[in-house]
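Chemist: Take this structure first; my questions come after.
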Amino acid sequence: MDILINGKKVKTRKGEHVLEVARREGFEIPSLCHHAALPPDGACRLCLVEVEGPEGKNKVTTACTLEVAQGLSVRLDTPEVAANRKVVLEMLLARVSDSPTLLKLADKYGLLEMRLVPQGEKCVLCGLCARVCTELVGAKALTMEGRGTETYFQPPFGEPAKDCVGCGSCAFVCPVTCIEYKKTDRTIEIWGRTFERLACTECGEPLDLTPEHRDLIRRRTDLLTPAEMQLCGGCERRTTMKTMQRVVEGQQTLETARR
Ligand code: SF4
Ligand code: SF4
Ligand code: FES
């Protein structure tokens, strides 16, 4: 099915959303809470577009939650989109005033003046950390705590995260990098806990994998054997090549190689 983006006809598939289609076609739309591997959430309100309606009844909405439909026509750079985006950016910047990501966006989208009182917070409440932790990692270690301006994403009751496995995914996806994550040769520190880093069983290089994360992966999938999980990138490639050579030479079958 075809839709129009800024007047350009583009091909889409059923179930796609305007944000992913527009980006695939090379259009720029800012976002904070979008993650390609997760369903849309519409939390940050930054990815605004204007949908053209009959008799000029247009509406501004979020591109990440807007599903494609036959005849849909959206514009990305109308005065309404620009004005609404500035309001969203101003509210985000009032909450977290020192985020380089937000300051860059404010500059790019022409937010020249701040009228709101700065709140001095660190988190923009996009919710991405908790969604990634629950839906991709499967740990469910973070929840939304508190109310109103006192709302935060953190481990339940503000305690060290008992269900956290130290994978660091929440810190990597946080758009304003406000989750503290520290890595040494032996440990990973996050959410008030210190995790041991496993080492490659071939060469001893420290991995970005904790015993807790390895065990969680094992409970969720058997795609990787424990031996495969505990190899660094280089050793994994070497081991795979050696195994494939043995399979090709008839010394081993693919089935025994997977065990
Ligand atoms: S580091 Fe902990 S809280 Fe963060 S995504 Fe991984 S398991 Fe969840
Ligand atoms: S900690 Fe980061 S990822 Fe989590 S809600 Fe806040 S801004 Fe979003
Ligand atoms: S990316 Fe669309 S609302 Fe956040």
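Residue numbers (this note's numbering): 64 to 322.
Idealized CB from N, CA, C, for every residue including glycine.
Rounded to whole angstroms, what's the CA-CA distance from proline 103 to arginine 76? Just pull it up for me.
Modeler: Going by the C-alpha atoms only, they are around 16 Å apart.
Chemist: Let's see if you can read the secondary structure: which residues bound the beta strand (DSSP E) around isoleucine 253?
Modeler: 250 to 253 is the extent of the beta strand (DSSP E) around isoleucine 253.
Chemist: For alanine 85, name the three-state secondary structure that DSSP assigns.
Modeler: Reduced to three states, the DSSP call for alanine 85 is helix.
Chemist: In chain order, what are the residues with a CB under 6 Å from some non-hydrogen atom of ligand 1?
Modeler: The answer, residue by residue, is Val195, Cys196, Val200, Ala202, Ala204, Leu205, Ala224, Cys227, Val228, Gly229, Cys230, Gly231, Ser232, Cys233, Ile253, Trp254.
Chemist: Is the beta carbon of leucine 156 less than 7 Å from the beta carbon of leucine 165?
Modeler: Yes, the pair counts as a contact, with Cβ atoms nearer than the cut-off.
Chemist: Comparing the CB of leucine 294 with every heavy atom of ligand 2, is any distance shorter than 6 Å?
Modeler: Leucine 294 Cβ: outside cutoff for every heavy atom of ligand 2.
Chemist: Figure out for me which residue from Cys189, Gln133, Trp254 has the closest Cα to the Cα of glutamine 238.
Modeler: According to the sequence displayed, residue 238 carries proline and not glutamine. Answer by Cα proximity: Cys189.
Chemist: Using beta-carbon positions only, say whether leucine 287 and leucine 272 come within less than 7 Å of one another.
Modeler: Result no, Cβ atoms of leucine 287 and leucine 272 do not sit closer than 7 Å.
Chemist: Please state whether DSSP places valine 144 in a helix, a strand or coil.
Modeler: In this structure, valine 144 counts as helix in the three-state DSSP scheme.
Chemist: Nearest to glycine 255 by CA position, among Arg249, Thr124, Lys245, is which residue?
Modeler: When only C-alpha atoms are compared, the closest one is Lys245.
Chemist: Could you tell me if glutamine 293 is buried or exposed, where buried requires 16 or more neighbouring beta carbons within 10 angstroms of its beta carbon?
Modeler: It counts as buried.
Chemist: Closer than 6 Å: is that where the CB of glycine 78 sits relative to any heavy atom of ligand 2?
Modeler: Because no heavy atom of ligand 2 lies under 6 Å away, the Cβ of glycine 78 does not count as near it: no.
Chemist: Tell me whether isoleucine 280 sits in a helix, a strand or coil according to DSSP, three-state version.
Modeler: It is helical.
Chemist: For a test of your reading of the model: does the CB of threonine 125 fall under 6 Å from any non-hydrogen atom of ligand 3? Yes or no.
Modeler: Yes.
Chemist: Starting from glutamine 293, trace the alpha helix (DSSP H) in both directions and tell me its first and last residue.
Modeler: That residue, glutamine 293, is in no alpha helix (DSSP H); it is neither H nor E in DSSP.
Chemist: Short check: CB of valine 311 to CB of histidine 276, under 7 Å?
Modeler: For valine 311 and histidine 276, no; Cβs fall outside 7 Å.
Chemist: In the DSSP assignment, the alpha helix (DSSP H) including valine 123 goes from what residue to what residue?
Modeler: Valine 123 -> not in any alpha helix (DSSP H); beta strand (DSSP E) instead, spanning 122 to 125.
Chemist: Report whether the distance from the Cβ of serine 162 to the nearest heavy atom of ligand 3 is below 6 Å.
Modeler: Checking the Cβ of serine 162 against ligand 3 gives no.
Chemist: Note down the Cα distance separating cysteine 233 from tyrosine 172, rounded to an integer number of angstroms.
Modeler: The alpha-carbon atoms of cysteine 233 and tyrosine 172 are separated by roughly 27 Å.
Chemist: Taking only beta-carbon positions, decide if alanine 157 is within less than 7 Å of chain D.
Modeler: Looking for chain D here will not work: only one protein chain is present.
Chemist: Measure from the alpha carbon of threonine 197 to the alpha carbon of each residue in Gln217, Gln182, Gly209, Arg178, then state which is nearest.
Modeler: Ranking Gln217, Gln182, Gly209, Arg178 by Cα distance to threonine 197 puts Gln217 first.
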